[in-house]
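Below is one structure, written out as structure tokens; the observations come after it.
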Amino acid sequence: MSGIFDGIKVADFTHFGIGPMTGRYLADHGATVVHVESATRPDSVRTSPPFRDGAVGLNRGGFFASLNTSKMGLSLNLKTERGVELAKKLAAWADVVVENFAPGVMVRMGLGYDDIIKVNPALVMISLTNLGQTGPYAGHPGTGTVAQAVAGLVHGMGWPDRGPVTPFGAIPDFVAPYFGALAVSAALDQRRRTGKGQYIDLSQFEISSWLIAPVILDRIANDREAVRMGNRDPHFTPHGAFPCQGDDRWLTIACTTDAEWQSLCQIMGRPELASDPSFATLKARQDNEDELERTISTWTRERSAHDTMHLLQRAGVPAGVVEDMAEIYQDPQLEHRQHFPLVDHPEIGPHRPQGHGVRFSETPSEIKRAPLVGEHNEEVIRGLLGLSEEEYVNLALERVIE
Amino acid sequence: MLNGYRILDLSDDKGLFCGKLLADMGAEVVKVERPGGDPARMIGPFYQDDPHPGKSLFWFAFCQGKQGVTLNLEEQRGRDLLKNLAAKADAVIESFPIGYLDSIGVGYDALTEVNPTLVYTTVTPFGTTGPYKDYKGPDIVAMAMSGYMSLCGDTDRAPVRDSFPIAYPIAGTEAAAGTVMALFHRGRTGKGQRVDASAQQSSVSLSANAPAFQDINQRRLRRSGQFRGELLAAIPERQVWPCKDGFICFAIYGGATGARVNQALVDWMDSEGMADEFLRGIDWKALDMSTVTREWMEPVEDRLGAFFLTHTKNEMLQGALERRLILLPVYDMTDIINDPQLQSRGYWMDVEHPELGRSITYPGAFIQSRPTPVQPGKRAPMVGEHNREVYGGWLGLTVDEIDALKQQGVI
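Protein sequences appear in the order of chains A and B. The numbering of the first sequence is the numbering used here, which starts it at 200 and goes up by one. The numbering of the second sequence is the numbering used here, which starts it at 518 and goes up by one.
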């Protein structure tokens, strides 16, 4: 056995970010994952940039290709009765169903958990939404880009003298899949031990609030409202991004102890600052933070960001370059960890989707390219679901599969 | 769901959330700390701002539901005890500097010698291998090195991280997923393994499609303030908008969804006399976000922005709910704890803190599941609170033996 989820069958009724990435977590670790969409109603990310050579095409999108690695593609028209019937067969076949439709959509198709378990009692099913399956806002349409607003993540990003800025993308969309993978794995393990299935209702709002739980408890227990602080931190100073040589180059430096601050003073060639009463203690550094940041910036400004990071880290001072999107592909650490494995895609060509943040010593992830629209229709319908050739041809003729 | 598993949590602030999640799902998680208390107990904020090891809200949040034992790893007898505990555990979580536990004889090799099927999880800034493995990586450094920070912030200032640190909760979640995946694999094959989580790597995915832009188009997306880079449109478009008493998040979409939402918003504006002929005349179905220009978008954004300024966050929320707009207000912590959606789902739970003479309301289960609910446990342990239960229950030590170990400074 090579993959953790070898032999586990997953019906993946997902689109956009949160659902596909959850299914992908299972697929890259050995599960057989069938991603369901259709040519007329494709996963909306298929119509989103970037496209290879800028030419729009359902199979040319780099974002879809990185969110749906290692899956099989089934294009099924769920607007037809027979399409839904086939979807039910797939759900009956599956060990796990992953879906991120708006609450109620799966139920209306007869694909709700309570329907499926009549024929597949040990099913593990996860529904991922913005705000959850129940409650007054449950039916509200949305994406992670607005879920992060109610989750407090937007409020915290930016400078105290200005309004908040946008966290790029949508933080909960890309964190919820880790919670989803955790929940599904735990449910599968429970099923392995007890034979019982599980239904999991995941709300982006709820998982995101846990990420910032200490800040929420501060509001509840101390009645203190959280404020955005740019790059400063209530507990550590200095703590920020400092300008370096070149255009828009920045180095983060964070001293989490007095000892780290003293080392920074040595490296900057300013040992006298370490004993200067204006900076000797955390409290003093906080009181004089503007001046402190000016002093550090004066030192960093004419220096290379990378060289300075290495210099500081070797002296035990936490420092990290603000790497841009080109640099993460050249980062020697990410390269060593093989974070961006190379795959070859028939329309996109060679490209490098992301790996995962966890490495397994005995069961490494194996990342294969994402499917084309409907690429595995026959393999799924005849091979996995066992329909006859005649039935398959009829489904194609009736455009149930497309 | 994880009932019956025993997890040893040796981690510091970087890994605490991992064990917390496993405890929520039913595992017996024992936080092992040094005599006198774990350094993470001194991470703020503190209850009533009292910097006391029994009052850290950070510790409260991320050690809820765990048992707590003390153990002195500087002593050989402490290391022996750790091996005895590891022999009884299903998984160990640690986040020490790389090589530290090996150097004192209780690293992966030593613990798997006493427990060959152990799942051994590490949560570190950059992973346990590679050129940066020994580099320090507090939240802001992990966010910077993941690339995500380069995409956030105003263009005329430095890139920013979120002021509420999330890099280690994120890495801890992925580590928890990895731990359970490894337990599942162990259950099927009888084999344990190492689970090696990197905070830098866990946060790369936050950059959404920006890495793909770089990879296949060699286009380097950058931060653009309250605008969003090219997520679904060919141009940066406004995502964060000021309203009467704060901010909201909303973006103009194309396609069928966009046509419905944009028209519903214009109809709302029209009903309040704030949609002019220009706005009413737009054919939203024809809007193609892959070819839209800033010149087209600007006069639209000007009009929407003027409308939002006439309404409060709550009015915008209510209006969005009625009209199914993909729009939500920018909540602060007060808004979050007062939110009707979370309340109606029973999200909040009261956790008793007898030492403080009160209970504190916490966020509740991170998922709702059935038939097996996720149930966060009691308040985080006090220093050495469960020494007797764990050393007695796991290792069969008598009360006298435990007291003797305590007197000798081993626990």
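We put the CB at the ideal spot given by N, CA and C, even for glycine.
- Cβ-Cβ distances below 7 Å link Gln332 (chain A) to Pro302, Ser326 and Asp400 in the same chain, with the five nearest sequence neighbours on each side left out; the list follows chain order.
- Assignment of His544 (chain A) by DSSP, reduced to helix, strand and coil, places it in the strand class.
- With the rule of 3 Cβ pairs closer than 8 Å, the segment 266-277 of chain A counts as touching the segment 568-576 of chain A.
- The C-beta distance from Arg523 (chain B) to Asp607 (chain B) rounds to 5 Å, short enough to fall under 8 Å.
- Ranked by Cα distance from Ser564 (chain A), the options A:Gly548, A:Ile580 and A:Gln537 are led by A:Gln537.
- Burial is judged here by how many other beta carbons sit within 10 angstroms of a residue's own beta carbon; Val592 (chain A) has fewer than 16 and is exposed.
- In the three-state reduction of the DSSP assignment, Ser237 (chain A) falls in the coil class.
- Not a single C-beta of chain A is nearer than 8 Å to the C-beta of Cys760 (chain B).
- By the neighbour-count criterion, in which a residue is buried when 16 or more other Cβ atoms sit within 10 angstroms of its Cβ, Gln718 (chain B) is buried.
- Following the DSSP letters along the chain, one finds Gly763 (chain B) inside the beta strand (DSSP E) bounded by residues Gly763 to Phe767.
- Asn632 (chain B) has a beta carbon lying at 8 Å or more from every beta carbon in chain A.
- In the three-state reduction of the DSSP assignment, Met305 (chain A) falls in the helix class, which pools H, G and I.
- Selection B:Pro562, B:Pro570, B:Phe563 and B:Asp619 evaluated against Gly553 (chain B) yields B:Pro570 as nearest (Cα-Cα).
- Within chain B, Pro655 and Ile657 have C-beta atoms less than 9 Å from the C-beta of His438 (chain A), given in sequence order.
- At a cut-off of 8 Å between beta carbons, Tyr879 (chain B) contacts chain A.
- With contacts defined by Cβ atoms closer than 8 Å, Ile316 (chain A) and Gly396 (chain A) form a contacting pair.
- Nearest CB-CB separation between Tyr591 (chain A) and chain B: not below the 8 Å threshold.
- Gln710, Arg711, Val712, Asp713, Ala714, Ser715, Ala716, Gln717, Gln718, Ser719, Ser720, Val721, Ser722, Leu723 and Ser724: these are the residues of the segment 710-724 of chain B whose beta carbon lies less than 9 Å from some beta carbon of chain A, given in chain order.
- Sequence-distant partners of Asp417 (chain A) (beyond 5 residues in either direction) whose C-beta falls short of 6 Å from its own C-beta, in its chain, are Arg423.
- When rounded, the separation of the alpha-carbon atoms in Glu691 (chain B) and Ala230 (chain A) is 18 Å.
- Per the C-alpha coordinates, the member of B:Ile765, B:Glu789, B:Gly772 and B:Ile853 positioned closest to Gly822 (chain B) is B:Ile765.
- Chain A places a beta carbon closer than 8 Å to that of Tyr848 (chain B), counting this residue as a contact.
- Of all residues in the segment 399-415 of chain A, only Ile399, Asp400, Leu401, Ser402, Phe404, Glu405, Ile406, Ser407, Ser408, Trp409, Leu410, Ile411, Ala412, Pro413, Val414 and Ile415 come within less than 9 Å of chain B when Cβ atoms are compared, listed by chain position.
- Ser876 (chain B) is outside the set of residues whose beta carbon lies under 8 Å from a beta carbon in chain A.
- Given a length threshold of 4 residues, each whole run of the alpha helix (DSSP H) inside the segment 692-721 of chain B is given here in chain order: 716-719.
- When 9 Å is used as the limit between beta carbons, Trp449 (chain A) is near these residues of chain B: Ala661, Met666, Ser667, Ala675 and Pro676, in chain order.
- Taking the C-beta atoms as reference points, Ile415 (chain A) is found no nearer than 8 Å to Ile560 (chain B).
- The C-beta of Gln444 (chain A) comes no closer than 8 Å to any C-beta of chain B.
- In the structure shown, Trp358 (chain A) falls within a coil segment according to DSSP collapsed to helix, strand and coil.
- Each of A:Asp457, A:His550 and A:Ala420 was checked against the Cα of Val516 (chain A), and the nearest Cα belongs to A:Asp457.
- The straight-line gap separating the alpha-carbon atoms of Lys923 (chain B) and Phe563 (chain B) is approximately 28 Å.
- Residue range Lys208 to Phe212 is occupied by the beta strand (DSSP E) that includes Asp211 (chain A), with no alpha helix (DSSP H) assigned at that position.
- Under the three-state reduction of DSSP, Thr365 (chain A) is assigned to coil, being neither helix nor strand.
- Residue-level contact by beta carbon fails for Met833 (chain B) and chain A, as no gap is shorter than 8 Å.
- Listed by position along chain A, the residues whose Cβ is nearer than 9 Å to that of Pro686 (chain B) are Val374, Trp409, Leu410, Ile411 and Ala412.
- With a 10 Å radius around the Cβ and a threshold of 16 neighbouring Cβ atoms, Trp409 (chain A) comes out buried.
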